[in-house]
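Heads up, the numbering used here is the position in the sequence shown plus 8, with the first residue counted as 1.
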Amino acid sequence: MNTNLRRKLFGYVFTHVDEEFYVRNLASVIGVDAGNLSRELKKMEEEGVFESAAKGRSKFYKVNKKYHLYEEVKMIVFKTEGVQGSLRKIVNDISEIEVAFIYGSYASEKERKSSDVDLVVVGEFDQDKFTKTVRRLEDQLNREINFTIYNLNEFKKEILNDGGFLSMVVAKNIIMLKGSLDDKK
């Protein structure tokens, strides 16, 4: 088993579960050898993780949502390799970021493949470097990431503003990536 290949494969396809993938295109997107990917996909199709369909002379794969461990695998991938895991790595690598969380359709699990990811980041840090890192992640995941940056004072003021943007956001589902809201209010 090629764990690096599976990590890249799962990280991409579980953030695009409604799409079908042609082996060569997928190999190019995730940066792996097409032959190795093809063999791995065949193995995982036999295990039930993927399903395939022939279209002309081409074979397309997609995630099998009926796989008995689908939800568990999806959750592990999201926390480690997908959008959530990747953003967690980015914000944890910047010590000056005090709080970061995902909100919106992604956090409430109502996202579609065209949905963007909404992120709030709190701290005093190099915003240009952060932006470049997030843009690279967008390219890797083929997903738009919108973020709002607050310094700590702005954040505290906005979160306490009844009816304000942040107070409404945190009243709904959020996914904490770093820090806690409890000590910031």
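Where is the CB? At the ideal position from N, CA and C, for every residue including glycine.
As DSSP reads the structure, A61 sits in a beta bridge with F68. Its chain contains L185 as the residues whose beta carbon lies nearer than 6 Å to that of L95, once the 5 sequence neighbours on both sides are disregarded; these appear in chain order. Looking from the CA of G93, the closest CA among E59, G187, I183 belongs to I183. Beta bridge pairing from DSSP links K186 with A108.
Along the length of the segment 116-180, whole alpha helix (DSSP H) runs at least 4 residues long occupy 135-149, 160-167, 173-178, reported in chain order.
With contacts defined by Cβ atoms closer than 9 Å, V130 and F163 form a contacting pair.
The DSSP-derived three-state label of F86 is helix.
V81 and N181 have their alpha carbons spaced roughly 21 Å apart. Ranked by Cα distance from F138, the options N150, T156, D124, F173 are led by T156. Per the C-alpha coordinates, the member of E59, S66, S175, D26 positioned closest to N33 is S66. Taking the Cβ atoms as the reference, E28 lies roughly 4 Å from F68, within the contact range of under 8 Å.
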